[in-house]
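K.L.:
Here you go, one structure.
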Amino acid sequence: MPDVRVVNVSKKFGKIVALDNVSLHIHEKEYFSLLGPSGCGKTTLLRLIAGLIQPDKGEIYIGERFVNNVPPEDRDIGFVFQTFALFPHMNVWDNVIYGPRVKGFDMKKAGIIGHEVLEMVKLHERSDAFPNELSGGMMQRTAVARALAAGAKLLLLDEPLGQLDAKVRKELRYDIRRMVKDLELTAIHVTHDQAEAMSISDRIAVIKKGKVQQVGTPEELYMNPQSVFVANFIGESNFLEGYVSIMTGKETSIELRGGTKVHATNGDLKRGERVVLAIRPETFTIEKGARRGENAISGSVERVVFEGTNIRYEVRLENQDSILIAKPSLMGEWFNIGEKVTVSFQREKAHVFPYPETGLKEEIAVE
Amino acid sequence: MPKTKMLEALDRLSSRKAVKYGVYLTAVILFFALILLPPILGIIIKWNTMQQVLNQPALMSRALSAVENSFTIALFVSALDVATGVPMAWLITRGKSKWLNVLDTVSDIPFIVPTAALGYSLLLFWSEPGGVSSLFGNSLVSQGWLLVVLLHFTFSYPVVVRVIVGALLDYKKEYENASRTLGAPPFTASRTVTFPIIKPSLIAAFILAFSRSISETGATFIVAGAFENGPVFIQNMKKDYVGSTYEGSIVFASFILIAVALAIFLTIRALGPKLKLPVRKIWPTFERKLSYSKAASSRDSITLLIFFAIVLIPSLFVALPALQAIFTDTLPKSLSGAGVWGEYWQSLLLSYFLGAVVTILNVIIGLPMAIIVARRKLGVLPSAVLDVLVNVPLVVPSIALGVSLAIFWKANFAFMPEMVVLIFAHLAITYPYFVRSMSAAVERISPDLEEAARTLGAKPLGVFRTIVLPLTKYSILSGAIMVFTRSVSETGATVAVVTSLRTAPVVIVEWVMKKVAATPLEIGLGCGFLIVFSFIILLALRLIVKGKGRY
Ligand SMILES: Nc1ncnc2c1ncn2[C@@H]1O[C@H](COP(=O)(O)OP(=O)(O)OP(=O)(O)O)[C@@H](O)[C@H]1O
Ligand SMILES: [Mg+2]
Numbered sequence: 101m102p103d104v105r106v107v108n109v110s111k112k113f114g115k116i117v118a119l120d121n122v123s124l125h126i127h128e129k130e131y132f133s134l135l136g137p138s139g140c141g142k143t144t145l146l147r148l149i150a151g152l153i154q155p156d157k158g159e160i161y162i163g164e165r166f167v168n169n170v171p172p173e174d175r176d177i178g179f180v181f182q183t184f185a186l187f188p189h190m191n192v193w194d195n196v197i198y199g200p201r202v203k204g205f206d207m208k209k210a211g212i213i214g215h216e217v218l219e220m221v222k223l224h225e226r227s228d229a230f231p232n233e234l235s236g237g238m239m240q241r242t243a244v245a246r247a248l249a250a251g252a253k254l255l256l257l258d259e260p261l262g263q264l265d266a267k268v269r270k271e272l273r274y275d276i277r278r279m280v281k282d283l284e285l286t287a288i289h290v291t292h293d294q295a296e297a298m299s300i301s302d303r304i305a306v307i308k309k310g311k312v313q314q315v316g317t318p319e320e321l322y323m324n325p326q327s328v329f330v331a332n333f334i335g336e337s338n339f340l341e342g343y344v345s346i347m348t349g350k351e352t353s354i355e356l357r358g359g360t361k362v363h364a365t366n367g368d369l370k371r372g373e374r375v376v377l378a379i380r381p382e383t384f385t386i387e388k389g390a391r392r393g394e395n396a397i398s399g400s401v402e403r404v405v406f407e408g409t410n411i412r413y414e415v416r417l418e419n420q421d422s423i424l425i426a427k428p429s430l431m432g433e434w435f436n437i438g439e440k441v442t443v444s445f446q447r448e449k450a451h452v453f454p455y456p457e458t459g460l461k462e463e464i465a466v467e
Numbered sequence: 158m159p160k161t162k163m164l165e166a167l168d169r170l171s172s173r174k175a176v177k178y179g180v181y182l183t184a185v186i187l188f189f190a191l192i193l194l195p196p197i198l199g200i201i202i203k204w205n206t207m208q209q210v211l212n213q214p215a216l217m218s219r220a221l222s223a224v225e226n227s228f229t230i231a232l233f234v235s236a237l238d239v240a241t242g243v244p245m246a247w248l249i250t251r252g253k254s255k256w257l258n259v260l261d262t263v264s265d266i267p268f269i270v271p272t273a274a275l276g277y278s279l280l281l282f283w284s285e286p287g288g289v290s291s292l293f294g295n296s297l298v299s300q301g302w303l304l305v306v307l308l309h310f311t312f313s314y315p316v317v318v319r320v321i322v323g324a325l326l327d328y329k330k331e332y333e334n335a336s337r338t339l340g341a342p343p344f345t346a347s348r349t350v351t352f353p354i355i356k357p358s359l360i361a362a363f364i365l366a367f368s369r370s371i372s373e374t375g376a377t378f379i380v381a382g383a384f385e386n387g388p389v390f391i392q393n394m395k396k397d398y399v400g401s402t403y404e405g406s407i408v409f410a411s412f413i414l415i416a417v418a419l420a421i422f423l424t425i426r427a428l429g430p431k432l433k434l435p436v437r438k439i440w441p442t443f444e445r446k447l448s449y450s451k452a453a454s455s456r457d458s459i460t461l462l463i464f465f466a467i468v469l470i471p472s473l474f475v476a477l478p479a480l481q482a483i484f485t486d487t488l489p490k491s492l493s494g495a496g497v498w499g500e501y502w503q504s505l506l507l508s509y510f511l512g513a514v515v516t517i518l519n520v521i522i523g524l525p526m527a528i529i530v531a532r533r534k535l536g537v538l539p540s541a542v543l544d545v546l547v548n549v550p551l552v553v554p555s556i557a558l559g560v561s562l563a564i565f566w567k568a569n570f571a572f573m574p575e576m577v578v579l580i581f582a583h584l585a586i587t588y589p590y591f592v593r594s595m596s597a598a599v600e601r602i603s604p605d606l607e608e609a610a611r612t613l614g615a616k617p618l619g620v621f622r623t624i625v626l627p628l629t630k631y632s633i634l635s636g637a638i639m640v641f642t643r644s645v646s647e648t649g650a651t652v653a654v655v656t657s658l659r660t661a662p663v664v665i666v667e668w669v670m671k672k673v674a675a676t677p678l679e680i681g682l683g684c685g686f687l688i689v690f691s692f693i694i695l696l697a698l699r700l701i702v703k704g705k706g707r708y
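Chains as they are written, first to last, in the working numbering: chain E, 101 to 467; chain U, 158 to 708.
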């Protein structure tokens with residue numbers, strides 16, 4: 101049964117380091133996502149697992165089997181390509197039963213499988229159509245059906261929804277997850293869309309510049325980001341710079357730029373250390389007027405953006421830092437541009453990180 | 158500045174419908190008047206002379222079997238070319254060695270060696286005492302059909318490899334990856350996915366090899382010995398007969414060559430797309446064995462062996478006597494223009510002059526045609542018909558085309574200097590190459606660009622000058638290279654047309670055939686000069702192309 105283990109894998113293309121000493125364990129029957137900005141090495145990792153390229157260093161196991169030297173056709177995988185790669189000279193039916201046929205199944209058995217998977221993706225009526233006659237969504241479903249028909253227990257998906265428009269994307273992502281769960285497959289899904297990864301994955305590996313930043317469930321990544329990058333890439337965060345002014349037992353006090361003092365819970369810091377405080381826009385409370393209190397900072401509303409579900413405020417704090425706050429638009433009162441407000445947050449909602457060596461901007465940059 | 162003023166005036170003029178269509182119609186009329194109709198009318202004018210042949214059963218069966226030989230060899234060689242060119246193209250595009258770039262360049266060499274020199278080179282290599290034959294005591298492959306097959310294989314191989322390399326570079330490897338992840342071993346993946354997808358290019362490569370094989374005259378004449386194919390038969394008629402029997406036999410052979418060539422070409426065009434490779438049948442265990450067995454690993458070595466032993470080394474073998482000649486008194490003699498060399502240098506000049514004139518004419522009358530074809534400027538149907546017609550001279554054996562074209566011009570316009578008829582013949586033969594490569598280039602320019610320029614206020618000629626021309630500069634030059642090479646190499650159409658003029662390849666053929674007394678070293682040196690000068694001119698043109706950058 102396929103769990104997948106990637107052990108200390110590195111891969112270079114000429115001078116570009118696409119993957120740098122990556123280790124991951126993807127459990128059996130897990131829906132696992134590789135999430136990261138464009139060019140971070142997600143596709144490279146997936147192709148290494150599929151055997152389409154070879155690692156420079158490190159080992160890959162599928163189940164108990166060491167597969168570094170196993171060609172792709174013997175790895176027993178299904179692969180859904182970003183561009184679908186449907187064979188243009190074959191119709192939907194021939195595309196779908198291609199896997200069973202090259203694996204030597206007799207026509208009858210291949211036929212049965214073909215009907216099953218086309219049923220599953222609801223494409224029965226179009227089985228005579230050629231790829232160039234299909235809509236984007238249909239091509240995508242054909243690609244998934246073709247990968248499933250090969251009967252593999254490990255499904256690799258490279259941005260399988262990347263080519264579709266927003267609405268279809270949302271529909272199809274749950275379809276894929278449902279099928280994977282129904283068939284009890286292990287799935288590795290590559291995406292750069294964090295909302296997509298969050299909504300369908302059991303666990304996610306966040307990758308940046310060829311390195312794994314953090315692995316965890318969507319909740320863990322959201323609640324407990326372990327780096328500035330993850331705090332920014334999963335959901336959104338405001339970043340406030342400061343330094344640790346007091347460290348006693350559980351109490352950590354941080355002095356922000358401009359002298360405002362706030363409290364946080366994270367330990368493992370040194371007095372005087374330069375830090376970044378990451379606070380999500382949706383965790384702030386915002387109220388009228390100036391108020392003193394724990395972790396309360398006053399400022400004024402600079403911009404209001406109505407987004408439908410949410411309303412977002414850009415607030416200029418006393419110390420001239422600017423933060424974003426998001427509030428459900430149907431709850432609570434609204435504020436106007438220029439209005440004096442006080443924003444506050446609970447200390448356990450603020451994540452404190454050492455100030456990144458490369459600088460904050462560089463650390464959270466996605467390119 | 159008067160120059161810009163003039164351009165502006167021309168630009169304005171070009172937005173008048175009458176002027177625009179005037180240019181296009183002129184291009185079409187010139188195509189019919191200079192290229193398509195003369196060969197057809199030529200045969201019709203002398204239709205009656207064919208009676209001469211019909212009355213002589215022996216002559217007729219000789220002509221028919223020669224024509225049959227032409228097509229048998231062309232079909233066989235083209236199939237062999239594709240079969241051996243595919244693994245070579247695969248090696249070039251998919252191999253990992255650093256030497257592949259070199260191999261890629263080297264595989265073009267037989268293409269730039271003018272075929273007459275190539276024929277002599279092969280003759281030396283396979284048949285004459287100094288070549289491989291010396292290893293075997295007697296002539297390994299003597300003049301005859303086998304040597305003709307080897308020759309045709311050699312000169313069409315690079316073209317086929319080039320076309321398939323292009324196709325494999327354009328091909329999205331993701332299809333093959335998909336096939337592999339679905340469980341197909343490499344052999345099955347390429348058989349059921351890659352090759353079916355690039356099939357149009359395989360067919361195009363086959364047609365190119367085929368048309369080159371049925372057209373080649375000079376080199377074939379050198380290696381044929383007593384063997385006759387169509388072009389050799391027409392050549393032989395010159396010495397075997399005089400008067401109307403001669404005329405009748407060459408008109409007869411030309412007519413059949415043209416008719417059968419067109420029929421085959423149309424058949425391939427019509428049936429090619431319908432031809433299905435057997436993608437549904439799969440033999441898993443057998444194909445897996447084939448993918449990973451010794452057969453697969455020795456494929457590259459066999460491919461390289463074929464390339465070096467049958468294509469490259471025989472093509473360049475003429476370098477031996479050429480080098481030898483440099484260290485004897487042959488070199489000073491040749492440079493002084495004494496003996497046979499006076500005519501040689503004249504012919505070389507004529508060849509390059511002809512190549513240059515024909516290239517310029519192609520650009521002038523071929524460019525508008527390429528635009529008509531690519532942009533369907535004269536309506537969908539007429540443009541599509543023109544697209545097919547433009548290809549006709551490509552698939553017609555060039556000697557046959559030359560024969561009937563010469564009849565047409567000499568019968569109706571006897572005052573016309575032979576030189577002009579020769580230019581027309583070369584123009585007809587090279588025209589399809591230029592128009593095809595240009596129309597492909599124009600098609601690659603998105604019409605959006607032209608429309609954008611129009612919305613910004615550019616007139617039609619202005620769009621051409623500022624958008625089309627700069628974007629296709631590279632293709633114009635590479636089209637010009639093709640035309641030039643083809644013209645310098647051409648023997649068939651030349652011998653069919655000329656009585657007194659001699660081009661370089663014709664001189665080489667005459668030397669080898671001992672019509673003129675030249676020593677082996679002189680022939681070698683003559684071939685050497687021809688190759689070296691052609692190579693230098695090509696290199697210069699390619700450097701210009703490189704300098705302009707690719708779009
Ligand atoms: N075949 C290749 N040759 C050279 N460089 C490559 C190749 N494949 C990938 N790279 C480089 O390796 C890095 C990682 O590429 P990869 O395709 O894995 O990124 P990705 O995370 O999938 O990005 P995207 O979201 O844009 O698909 C990139 O810098 C890319 O340019
Ligand atoms: Mg990718």
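Cβ coordinates follow ideal geometry from the N, Cα and C atoms, glycine included.
All values derive from a computational prediction rather than experimental measurement.
For ligand 2, which residues count as neighbours when the test is a C-beta closer than 7 Å to any heavy atom?
P.N.:
Those residues are E/LYS142, E/THR143, E/GLN182, E/ASP258, E/GLU259, E/VAL290, given in chain order.
K.L.:
Taking 8 Å as the cut-off, is the beta-carbon of E/HIS215 closer than that to any non-hydrogen atom of ligand 1?
P.N.:
No, since every heavy atom of ligand 1 falls outside the 8 Å radius drawn around the Cβ of E/HIS215.
K.L.:
So with CB distances below 8 Å, who are the chain E contacts of U/THR345?
P.N.:
Chain E residues near U/THR345: VAL202.
K.L.:
For U/GLY252, verify whether its CB is less than 8 Å away from any heavy atom of ligand 1.
P.N.:
Answer for U/GLY252: no, Cβ out of range of ligand 1.
K.L.:
Tell me which residue opens and which closes the beta strand (DSSP E) that E/GLN313 is part of.
P.N.:
Here the beta strand (DSSP E) through E/GLN313 covers 311–316.
K.L.:
Can you pull the DSSP bridge partners for E/ARG403?
P.N.:
Its beta-bridge partners are E/GLU414.
K.L.:
Cβ of E/LEU152 versus every heavy atom of ligand 1: is any distance shorter than 8 Å?
P.N.:
No, since every heavy atom of ligand 1 falls outside the 8 Å radius drawn around the Cβ of E/LEU152.
K.L.:
Given E/VAL375, which residues of its chain have a CB within under 7 Å of its CB, disregarding the five upstream and five downstream residues?
P.N.:
The residues are GLY342, TYR343, VAL344, ILE354, LEU369, VAL452, PHE453, PRO454, TYR455.
K.L.:
Return helix, strand or coil for U/ILE693, following the three-state DSSP convention.
P.N.:
If DSSP states are grouped into helix, strand and coil, U/ILE693 belongs with the helices.
K.L.:
Examine ligand 1 and report whether any of its heavy atoms sits within less than 8 Å of the Cβ of E/PHE113.
P.N.:
Yes, ligand 1 has a heavy atom inside 8 Å of this Cβ.
K.L.:
If distances are taken between C-alpha atoms only, which option among U/VAL625, U/ASN226, U/ALA598 comes closest to U/ALA410?
P.N.:
It is U/ASN226.
K.L.:
From the beta carbon of U/TYR332, is the nearest beta carbon of chain E less than 9 Å away?
P.N.:
It does: the Cβ of U/TYR332 has a partner Cβ on chain E nearer than 9 Å.
K.L.:
Can you give the Cα-Cα distance for U/GLU679 and U/VAL475, rounded to whole angstroms?
P.N.:
Using only the alpha carbons, I get a separation of about 11 Å.
K.L.:
Nearest chain E C-beta to U/GLY619 closer than 9 Å, yes or no?
P.N.:
Judged by the 9 Å Cβ criterion, U/GLY619 is not in contact with chain E.
K.L.:
Taking C-beta pairs closer than 7 Å, name the residues in chain U that E/TYR131 reaches, listed in chain order.
P.N.:
In chain order: nothing, as chain U lies at least about 19 Å away.
K.L.:
Return the CA-CA distance between U/PHE692 and U/ARG348, expressed in angstroms with no decimal places.
P.N.:
Cα-Cα distance, rounded: 38 Å.
K.L.:
Applying the 10 Å Cβ sphere with the 16-neighbour rule, what's the burial state of E/PRO260?
P.N.:
So E/PRO260 ends up on the buried side.
K.L.:
So, E/VAL362 versus E/LEU460, is the Cβ gap smaller than 9 Å?
P.N.:
No, Cβ-Cβ distance for E/VAL362 and E/LEU460 is not below 9 Å.
K.L.:
Here's a check: name, in chain order, each residue in its chain whose Cβ is nearer than 8 Å to the Cβ of E/GLN294, leaving out the five neighbours to either side.
P.N.:
Answer for E/GLN294: LEU135, PHE333, ILE334, GLY335, listed in chain order.
K.L.:
Where does E/GLU336 sit, in a helix, a strand or coil, going by DSSP?
P.N.:
DSSP places E/GLU336 in coil when its eight states are reduced to three.
K.L.:
Less than 9 Å between the C-beta atoms of E/ILE162 and E/VAL107, yes or no?
P.N.:
It is not a contact, given that the beta carbons lie outside the stated cut-off.
K.L.:
Count the other CB atoms within 10 Å of the CB of U/ALA341; is the residue buried (16 or more) or exposed (fewer)?
P.N.:
Classification for U/ALA341: buried.
K.L.:
From E/SER422, E/LEU146, E/GLU414, pick the residue whose C-alpha is nearest to that of E/PHE406; which is it?
P.N.:
Out of E/SER422, E/LEU146, E/GLU414, E/GLU414 has the C-alpha closest to the C-alpha of E/PHE406.
K.L.:
Curious, which full-length alpha helix (DSSP H) runs of at least 4 residues does the region 556–633 of chain U contain?
P.N.:
Runs found: 575–601, 604–612, 617–620.
K.L.:
Name the residue from E/ILE177, E/VAL192, E/LEU248, E/ILE423 whose alpha carbon lies nearest to the alpha carbon of E/PHE384.
P.N.:
Answer by Cα proximity: E/ILE423.
K.L.:
Below 8 Å on C-beta distance, what does E/PRO381 contact in chain U?
P.N.:
Residues of chain U passing the Cβ test: none, with the nearest at roughly 40 Å.
K.L.:
Taking only runs that begin and end inside the region 245–319 of chain E, name each unbroken beta strand (DSSP E) of 3 or more residues, in chain order.
P.N.:
You should have 254–258, 286–291, 303–308, 311–316.
K.L.:
Counting only Cβ-Cβ distances shorter than 8 Å, please list the residues of the region 187–214 of chain E near chain C, keeping chain order.
P.N.:
Here the protein chains are E and U, and chain C is not one of them.
K.L.:
Have a look at U/GLY107 and U/PHE363 and give me their C-alpha separation to the nearest angstrom.
P.N.:
Residue 107 of chain U falls outside the range modelled here, since chain U spans only 158 to 708, and no answer is possible.
K.L.:
To the nearest angstrom, how far is the alpha carbon of U/GLN392 from that of U/GLU285?
P.N.:
Roughly 23 Å separates the two Cα atoms.
K.L.:
Using a C-beta to C-beta distance shorter than 8 Å, which residues of chain E count as neighbours of U/PRO357?
P.N.:
Within 8 Å Cβ-Cβ: nothing; U/PRO357 doesn't reach chain E, min ~11 Å.
K.L.:
Exposed or buried, which one is U/ILE186 when buried takes at least 16 other CB atoms within 10 Å?
P.N.:
It counts as exposed.
K.L.:
If you measure beta-carbon to beta-carbon, which residues of the region 225–251 of chain U are closer than 7 Å to chain E?
P.N.:
Within the region 225–251 of chain U, no residue qualifies.
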